[in-house]
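Student: Below you'll find the structure I mean.
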Amino acid sequence: MSHHEPESEEVTTGNNLEGQKEITIKPRGFHIVWGKDTRYWQLPEKKKAREVEAAELKQVCWLEITGSVEVEAGKTYAIEFQVSMKPDAFGWSGCPVFMMAKVGKKGRYIWKKITTLDEKRTATTRFSIPEVSNPLTIQVPGNNAPDNNKLFFGLYEVWSGKWKGGLLIHQAIIKQISK
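Going by the UniProt record's numbering, the first residue of the sequence shown is number 1, and it counts up by one from there.
See the structure below:
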């Protein structure tokens, strides 16, 4: 398989307006299944990746976009993807899209089913998944075990077997929501 491996320079960490940690992952910072195969994905050019460009899903029947970032013990984080749909997006009707996250390689996944993207098919402007009013949050354990400071997360639709396309992945944001 020709997967796109994450490029570390496409992951940035800073503080938001409330002074809390915020991590931004641009399209080339994700692990994207089939991401190197231009029949399925169009990634932004490396030199332009930090601009507003998005990774474009042309067509896949297996959607798997994952990332991992370092987080702080004892903190809670909200995870969101910022996406949009092309006017000719297809295949999303009835496809269950899920976000999942865990802390540490041996952690247990938590998950959230995303309201069908088919309803957003005409939304050519960016929107957040999950919706900002109903975020996917995860608590990092308070101990400092070496494996417990890495957050693994992803966006998945691997169950329907349907071909789908027209999704634009702009970025993911991991926001610390507790001090």
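Built from N, CA and C at the ideal position, the CB exists for glycine as well. As the structure is a prediction and not an experimental result, all values here were calculated from the model.
What residue range does the beta strand (DSSP E) around Ile110 cover?
Tutor: For the purposes of this step, residue 110 is taken as the residue at position 110 of the sequence shown. It spans Ile110 to Ile114 - the beta strand (DSSP E) in which Ile110 sits, taken as one unbroken run.
Student: To the nearest whole angstrom, what separates the beta carbons of Gly104 and Lys150, a pair I think is in contact under 8 Å?
Tutor: Taking the sequence shown and counting its residues from 1, one reaches residue 104 at position 104. Taking the sequence shown and counting its residues from 1, one reaches residue 150 at position 150. Their Cβ separation, rounded to whole angstroms, is 6 Å, which keeps Gly104 and Lys150 in contact under 8 Å.
Student: From the DSSP output, in three-state form, read off Pro87 for me.
Tutor: Residue 87 sits at position 87 when you count from the first residue of the sequence shown. Of the three classes helix, strand and coil, the one that applies to Pro87 here is strand, per DSSP.
Student: So Trp62 and Val33 are supposed to be a Cβ contact under 8 Å. How far apart are they, rounded?
Tutor: On the sequence shown, residue 62 is found 62 positions in, with the first residue counted as 1. On the sequence shown, residue 33 is found 33 positions in, with the first residue counted as 1. With 8 Å as the limit, Trp62 and Val33 qualify as a contact, their Cβ atoms being about 6 Å apart.
Student: Express the C-alpha separation of Ile177 and Glu18 in angstroms, rounding to a whole number.
Tutor: Numbered from 1 along the sequence shown, position 18 holds the residue referred to as residue 18. Numbered from 1 along the sequence shown, position 177 holds the residue referred to as residue 177. Looking at the two C-alpha atoms, the distance is approximately 10 Å.
Student: Anyone know if the C-beta pair for Glu22 and Asn16 falls short of 7 Å?
Tutor: Within the sequence shown, numbered from 1, the residue matching residue 22 stands at position 22. Within the sequence shown, numbered from 1, the residue matching residue 16 stands at position 16. A contact, by the Cβ cut-off of 7 Å.
Student: Suppose only complete runs of 3+ residues qualify. What are the beta strand (DSSP E) ranges in the stretch 38 to 69, listed by chain order?
Tutor: 55 to 57
Student: Express the C-alpha separation of Thr38 and Ile163 in angstroms, rounding to a whole number.
Tutor: Numbered from 1 along the sequence shown, position 163 holds the residue referred to as residue 163. Numbered from 1 along the sequence shown, position 38 holds the residue referred to as residue 38. The residue you asked about is not Ile; residue 163 is Trp in the sequence shown. Straight-line Cα distance between these residues: approximately 15 Å.
Student: What's the gap between the Cα of Ala49 and the Cα of Thr12?
Tutor: On the sequence shown, residue 49 is found 49 positions in, with the first residue counted as 1. On the sequence shown, residue 12 is found 12 positions in, with the first residue counted as 1. Note on Ala49: pLDDT 47, under 50, position unreliable in the model; no value is reported.
Student: To the nearest angstrom, how far is the alpha carbon of Ser160 from that of Cys95?
Tutor: Translated into the one-based positions of the sequence shown, residue 160 becomes position 160. Translated into the one-based positions of the sequence shown, residue 95 becomes position 95. C-alpha separation (whole angstroms): 6 Å.
Student: Which residues bound the beta strand (DSSP E) around Ala101?
Tutor: Here residue 101 is taken as the residue at index 101 of the sequence shown, counted from 1. Per DSSP, Ala101 belongs to the beta strand (DSSP E) from Val97 to Val103.
Student: Within the same chain, show all residues whose beta-carbon is closer than 7 Å to that of Arg165, passing over the 5 residues directly before and after it, in chain order.
Tutor: Counting from one through the sequence shown, the residue named residue 165 turns up at place 165. First, the amino acid is wrong: residue 165 is Gly here, not Arg. Excluding residues within five positions, the ones whose Cβ falls inside 7 Å are Leu57, Lys58, Gln59, Ala89, Phe90 and Gly91.
Student: Here's a check: name, in chain order, each residue in its chain whose Cβ is nearer than 6 Å to the Cβ of Thr66, leaving out the five neighbours to either side.
Tutor: Position 66 of the sequence shown, counting from 1, holds the residue named residue 66. Within the same chain, Thr66 has close Cβ partners His31 and Gly154.
Student: If you compare alpha carbons, which of Gly14, Gln20 and Leu43 is closest to His4?
Tutor: The residue labelled residue 4 in the question sits at position 4 within the sequence shown. Looking at the Cα atoms, Leu43 is the closest of the given residues.
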